[in-house]
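Residue numbers (this note's numbering), protein chains in the order written: chain P, 27 to 400; chain B, 27 to 400. Ideal Cβ positions, reconstructed from N, Cα and C, are used throughout, including at glycine.
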């Protein structure tokens, strides 16, 4: 089937398609011989992040709405039972088979060469896709050794792991209903995020306890998923997650969106109000340290002429995917260097260092005494 | 002289003037029978904040550039001696006499009825303006009882005081040279900001000590003013000032510009790096408390259905100026109520409460469990 026919099934006329290509709202891309189109800006019903291939459309993975008050949020949203899963701190991927090739697509509809290289470590792709053509496995790659996220679940001690949490089908809006989804996860022994089970509003004390235990364990939070198709899914995060977010992003405060920080301070205050009820000086100190210590360290580093860096190690199965990952990081405008590359048992261990020049330059300007009007 | 003639002296053609009025880049205003034009958006050489009257133009008070590293900043900027003054935390006014009336103009070129009412408490306006027609006295009203600023110098224990720090002339760009300025301040016994004296780059240890003492005393910082006309003036603030800024603004974090917070955290880190050299846990706790405690208090307040409020007391000499101030606050879109009005000795004491509905509404939405995509 031609590309026009594919997109015409989504009500997109050829003229709109052509215009979208001209405006780069859809961009032709290629990975290892597989050609596809990335939607970079909404076209008709296709949202940013959708992937168009000759075999059909992989729709975007929708953003999940956030609630800042668990009890009131669940009361507002659900009158039917819902499922609760752990929210895992990693990066979101859609795993699909196109032209016989299993690819891992990022939210922005890029193929992530690292995740694509590693996905077969976690999923028996042959049986899954042979028996379920057109399936889309949505999940999180999470762990300390990944290219995008500094934070990770406390129980992933090294490397990355894959945690499936959703299933979609090519050309179809929405997820596969949750019971069917769980059946398929179990049938193929796919690793998934922790599933806490089915609850209803009256289970609030149990839910609060789950959140409390996740917070104590250093986990990010929960995602609540409806059983009724008219109800929406929402996420809710722990206090610890807010504090860790602040700490890992604060070294780059000068180049980051300021809202990143204030939103998490407000979330923290909301969490304390609902779950801890009073503010103790320990939490204030933690928050202050999470914000100030990393900025101070960055200032000291820049004062010594050192660029702020983030190091990460990636393990690859196939050597050729290392270069693909390097090319991908270049395209994503990440400034980095490869520090080393070694074969350790079955994996290529590649050490990268990301160079945060923007923060360096801003702080260097402050340090050299430049004046600015604010 | 007509208004066109006045502005034509600044190279503004009648057609540009008319266009600017049509676009509301200049707005006709009136205070107690005195008519003037407020420049709301740059027209030719007239910056936002300039005031055009039939007696001439009161130019805007220029923004002062900030340095985040005192030593390097001064080295970069000054090769000639400079004067150092205390930076007083208040609000900026230009005091002028128009049509025989002494008015206090805000930075936005509004007449502040409160400051206008009170200015004669601090300046012998008759002798100053009789002997110096066309003089513009620039200074800060500062103190705990003012309509705009929660922070104030520690040594102003109640009410407000006026601190002159600059002199300009109607129709003239730039300030009156600093020695002449100081001569006039002294001649008319005008209250001014603290003047630390004349220094040069080699006096760095003394300057650092001034900053240290100001920080310990709870003062905001310093303004450094050139003696050479080609050199610019800059400001530099203390660590304590950053922390206090965070604390007094954090209750309204939900409605504030997020940059307000991150800029001050970066300034704090820069100050610590230059002046304290190491980060101790006390500073981190202070910063954490300054940010989190007020947000938490706001959340608790809103959870009880209470609007976040800021109370302030103003003392007026003339009763009619109370209504003018009320009208001014309405125009500035401040939501407030008058709580009480009493004559105490020679002054009318008026208590106001500002109602911070925007923060209330945002936090209320979070608290009632609304979901949002971020």
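Contact with chain B by residue i, beta-carbon distance below 8 Å
{"i": "residue 86 of chain P", "result": "no"}
{"i": "residue 250 of chain P", "result": "no"}
{"i": "residue 310 of chain P", "result": "yes"}
{"i": "residue 326 of chain P", "result": "yes"}
{"i": "residue 398 of chain P", "result": "yes"}
{"i": "residue 307 of chain P", "result": "yes"}
{"i": "residue 89 of chain P", "result": "yes"}
{"i": "residue 111 of chain P", "result": "no"}
{"i": "residue 119 of chain P", "result": "no"}
{"i": "residue 134 of chain P", "result": "no"}
{"i": "residue 395 of chain P", "result": "yes"}
Identity of the residue in the options nearest residue i by Cα
{"i": "residue 269 of chain B", "options": "B/64, B/382, B/288", "result": "B/288"}
{"i": "residue 87 of chain P", "options": "P/133, P/108, P/244, P/96", "result": "P/133"}
{"i": "residue 180 of chain P", "options": "P/244, P/198, P/348", "result": "P/244"}
{"i": "residue 395 of chain B", "options": "P/93, P/71, P/39", "result": "P/93"}
{"i": "residue 62 of chain P", "options": "P/96, P/108, P/137, P/39", "result": "P/137"}
{"i": "residue 194 of chain B", "options": "B/334, B/158, B/178, B/214", "result": "B/158"}
{"i": "residue 265 of chain B", "options": "B/252, B/256, B/296", "result": "B/296"}
{"i": "residue 276 of chain P", "options": "P/318, P/252, P/291", "result": "P/318"}
{"i": "residue 173 of chain P", "options": "P/60, P/370, P/337", "result": "P/337"}
{"i": "residue 95 of chain P", "options": "P/146, P/327, P/302, P/377", "result": "P/302"}
{"i": "residue 101 of chain P", "options": "P/250, P/326, P/65, P/70", "result": "P/250"}
{"i": "residue 367 of chain B", "options": "B/378, B/177, B/310", "result": "B/378"}
{"i": "residue 312 of chain B", "options": "B/330, B/271, B/389, B/229", "result": "B/271"}
{"i": "residue 120 of chain P", "options": "P/109, P/76, P/389", "result": "P/76"}
{"i": "residue 40 of chain B", "options": "B/56, B/64, B/70", "result": "B/70"}
{"i": "residue 182 of chain B", "options": "B/219, B/42, B/255", "result": "B/219"}
{"i": "residue 83 of chain B", "options": "B/123, B/300, B/330", "result": "B/123"}
{"i": "residue 162 of chain P", "options": "P/168, P/200, P/386, P/147", "result": "P/200"}
{"i": "residue 198 of chain B", "options": "B/33, B/294, B/373", "result": "B/33"}
{"i": "residue 290 of chain B", "options": "B/146, B/109, B/263", "result": "B/263"}
Residue i at chain P interface by Cβ criterion, 8 Å
{"i": "residue 322 of chain B", "result": "yes"}
{"i": "residue 341 of chain B", "result": "no"}
{"i": "residue 201 of chain B", "result": "no"}
{"i": "residue 75 of chain B", "result": "no"}
{"i": "residue 171 of chain B", "result": "no"}
{"i": "residue 33 of chain B", "result": "no"}
{"i": "residue 130 of chain B", "result": "no"}
{"i": "residue 166 of chain B", "result": "no"}
{"i": "residue 319 of chain B", "result": "yes"}
{"i": "residue 331 of chain B", "result": "no"}
{"i": "residue 314 of chain B", "result": "yes"}
Distance between beta carbons of residue j and residue i, contact taken as under 8 Å
{"i": "residue 246 of chain B", "j": "residue 113 of chain B", "result": "5 Å"}
{"i": "residue 104 of chain B", "j": "residue 166 of chain B", "result": "Incorrect: roughly 23 Å between the Cβ atoms, too far for contact."}
{"i": "residue 248 of chain B", "j": "residue 111 of chain B", "result": "7 Å"}
{"i": "residue 354 of chain B", "j": "residue 170 of chain B", "result": "Not quite, the Cβ-Cβ distance comes to about 20 Å (not below 8 Å), so this is no contact."}
{"i": "residue 279 of chain B", "j": "residue 328 of chain B", "result": "Not confirmed; about 12 Å, so no contact."}
{"i": "residue 231 of chain B", "j": "residue 189 of chain B", "result": "Contact flag wrong, Cβ pair sits at about 27 Å."}
{"i": "residue 7 of chain P", "j": "residue 129 of chain P", "result": "Any question about residue 7 of chain P goes unanswered here, given that chain P covers just 27 to 400."}
{"i": "residue 150 of chain B", "j": "residue 343 of chain B", "result": "About 15 Å separates the two Cβ atoms, so there is no contact after all."}
{"i": "residue 448 of chain P", "j": "residue 80 of chain P", "result": "There is no way to answer for residue 448 of chain P, as the model of chain P reaches only from 27 to 400."}
{"i": "residue 115 of chain P", "j": "residue 177 of chain P", "result": "5 Å"}
Secondary structure of residue i, DSSP reduced to three states
{"i": "residue 322 of chain B", "result": "helix"}
{"i": "residue 358 of chain B", "result": "coil"}
{"i": "residue 343 of chain B", "result": "coil"}
{"i": "residue 115 of chain P", "result": "coil"}
{"i": "residue 216 of chain P", "result": "coil"}
{"i": "residue 14 of chain P", "result": "This structure leaves residue 14 of chain P out entirely; chain P is present only between 27 and 400."}
{"i": "residue 287 of chain P", "result": "helix"}
{"i": "residue 148 of chain B", "result": "coil"}
{"i": "residue 366 of chain B", "result": "strand"}
{"i": "residue 168 of chain P", "result": "strand"}
{"i": "residue 273 of chain P", "result": "helix"}
{"i": "residue 245 of chain P", "result": "coil"}
{"i": "residue 253 of chain P", "result": "coil"}
Task: Proximal residues, the segment 210-241 of chain B versus chain P, C-beta separation under 7 Å - done: none
TODO: Using a Cβ-Cβ cut-off of less than 9 Å, give me the residues of the segment 93-105 of chain B that come near chain P, in sequence order.
DONE: 93, 94, 95, 96, 97, 98, 99, 100, 101, 102, 103
Task: Interfacial residues, the segment 379-393 of chain P to chain B, with Cβ spacing under 7 Å - done: 392, 393
- [ ] Scan the segment 289-302 of chain P for residues whose Cβ lies nearer than 8 Å to a Cβ of chain B and list them as they occur along the chain.
- [x] 289, 291, 292, 294, 295, 296, 298, 299
Open item on the list: Along the segment 265-291 of chain B, where does the CB come closer than 7 Å to a CB of chain P? Name the residues.
Closed with: 279, 280, 284, 285, 287, 288, 289, 291
- [ ] May I ask you to list, following chain order, the residues of the segment 40-69 of chain B that have a beta carbon less than 7 Å from some beta carbon of chain P?
- [x] none
TODO: Output, in sequence order along the chain, the residues in the segment 252-263 of chain P whose CB is closer than 8 Å to any CB in chain B.
DONE: 258, 260
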